[in-house]
Amino acid sequence: MADVITEGSVVSQTPIEDKEKRTIHIKVYSPFKTYFNEDAYSISAVNSTGPFDILPKHHNFMTLLSPCELVINRDSGQIKIRIARGVMHVKANNVVVFLDV
Amino acid sequence: MRRPADIAYDRRSMGTLVELTSVFEGLASMRIAQIKNQVKEAQAFFDELWTIYTQLRVDSMFRFGRRENTAEILNKDLIVIITAEGGFSGDIDQKLITLMLESYDKEKQDIIVIGHHGAVQLAQRGISFKKYFKLPERDLNINSGPIIAQVQHYKSTTVYYQTYVSLMIQDVKRISLANAVQQKGRQVKAGKEETISEDTYIFEPSTFAVVDHLERSMLQIAVSQVILESKLAQYASRFRAMSSAHTRADELYGDLTLAYNRSSRSIKDERLKEIINGLRKVRVGA
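Going down the list, the sequences are from chains A and B. Quick note: the first sequence uses this note's numbering, first residue 106, plus one each step. Quick note: the second sequence uses this note's numbering, first residue 47, plus one each step.
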């Protein structure tokens, strides 16, 4: 089960044409609930090797997530999702986090 | 003939029963709609995981996520039987246990039962089971991890469960767990064929750990889905039982109303006769 915490705006406004190049699509969901499904600037998480960040144009990547707080930086602020376990799949500027698996 | 006051008392009780069965019927119908939605959402999640798994898998065998597990595997089959928690869901559990007993071999098979009603039914028939799990009360976030941990100790697993055909028809089924996962996978529409390999991807901690994890996850989802489907069938069975109880209670309420009216009428007629007879006597006396 994941908890979502939304914080105030922390990211400055960016022109639309730049934004498209600088964002990735992030989807965080479990079999019964979607927690996040939007474009964002980055996502941070923790796996068995330690904390890491995913930014646009990241290499194809697949990892098992450790219990941690996913931190997503987006236009309207930062979102934190507390997770127990999950799988992250990164491919072609698309990040999918499967939770509760 | 019974007194109207007695009939009125029975009619009030029957009225309560009519309302109660109607409420239970409504509740069951509401839960059916919710679970149907959840099954749909879980299927979409499974589809996406399956797509990644098929692009990633290193051979055609489904290994129950135990590739890196060194524990000894029992040369026995595991039977998982999913029943209702309470005895309020019609006769569907008895049907399920009868189906399981047709092919049950005490020496070659161990039983895990989910749901209190099934455990009671098995105990009544003198059949021992290895473990009992409570049927999850909630329909979301079903934790099937402890069941998967048991499944991984056996060479194969067969699940007996209840299926929802329609609101008025429920059936019982058996399925091999590995087949259940692969069958669900076959329902996924094939997309563009791509391979996920160490040449094109970074894996952490390792490819095998990820494959193992995905297999376990898909088993968990498959088990959760089977549990959800059983719950759906149980709610439908409850709906059916409540629906016929409601119809019967409604008929009895109608009969009692008729009896009450007849009884009241008959008392009024009796009194009228007494009054007329009294008047006649008064006239004759005059």
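All residues carry an ideal CB built from backbone N, CA and C; glycine is no exception.
The CB of A:H194 comes closer than 8 angstroms to the CB of I98 in chain B, given here in chain order.
For the 9 angstroms CB-CB criterion, B:I158 and B:L181 do not form a contact. Counting only Cβ-Cβ distances below 7 angstroms, A:Y140 has no contacts in chain B at all, with the closest Cβ about 12 angstroms away. Contact between B:A130 and B:I267 does not hold, since the beta-carbon distance rounds to 22 angstroms and is not under 8 angstroms.
Along the length of the region 137 to 193 of chain B, whole alpha helix (DSSP H) runs at least 4 residues long occupy 138 to 148, 162 to 170, reported in chain order.
Counted as a single uninterrupted DSSP element, the alpha helix (DSSP H) harbouring B:L102 occupies residues 50 to 102. For chain A, the residues of the region 75 to 95 of chain B that bring a beta carbon within less than 8 angstroms of one of its beta carbons are Q84, E87, A88, F91, F92, E94, L95, in chain order. The criterion of a C-beta distance shorter than 9 angstroms is not satisfied by B:Y206 and B:V85. The beta carbon of B:K176 is closer than 7 angstroms to those of D156, I157, I158 in its chain, skipping five residues each way along the sequence. For B:M288, the enclosing alpha helix (DSSP H) starts and ends at 253 to 331. In the DSSP assignment, the residues bridged to B:I221 are B:V205. About 20 angstroms separates the beta carbons of B:P192 and A:L169, which is beyond the 8 angstroms limit, so they are not a contact pair. Here B:V330 is exposed, its C-beta having fewer than 16 other C-beta atoms within 10 Å.
For the region 248 to 259 of chain B, residues whose beta-carbon sits nearer than 7 angstroms to a beta-carbon of chain A comprise I248, F249, E250, P251, A255, V256, H259. In this structure, B:E316 is the residue among B:E316, B:L325, B:E320 with its C-alpha nearest to the C-alpha of B:M47. Burial state of B:K277 is buried, judged by a 10 Å Cβ sphere holding 16 or more other Cβ atoms. Judged by their CB atoms, B:A224 and B:S202 are nearer to each other than the 9 angstroms cut-off.
The alpha-carbon separation between B:Q80 and B:Q208 amounts to approximately 18 angstroms.
Neighbourhood of A:H164 in chain B, by CB distance below 7 angstroms: I248, in chain order. The C-beta of A:S135 comes closer than 9 angstroms to at least one C-beta of chain B. Counted as a single uninterrupted DSSP element, the beta strand (DSSP E) harbouring A:E174 occupies residues 173 to 179.
Take B:S190, set aside five residues on each side of it, and the residues of its chain with a beta-carbon closer than 6 angstroms to its own are Q266, V269, S270, in chain order. In the structure shown, A:V151 adopts extended strand secondary structure according to DSSP, grouped into three states. With contacts defined as CB atoms closer than 9 angstroms, B:Q167 and B:Q140 qualify as a contacting pair. When secondary structure is reduced to three states using DSSP, A:V202 falls in the strand class. Rounded to the nearest whole angstrom, the C-alpha separation of B:H162 and A:H164 is 50 angstroms.
Counting only residues of its own chain and dropping the five nearest sequence neighbours on each side, B:R77 has a CB closer than 7 angstroms to the CB of Y281. Taking 8 angstroms as the cut-off between beta carbons, none of the residues of the region 154 to 176 of chain B comes near chain A.
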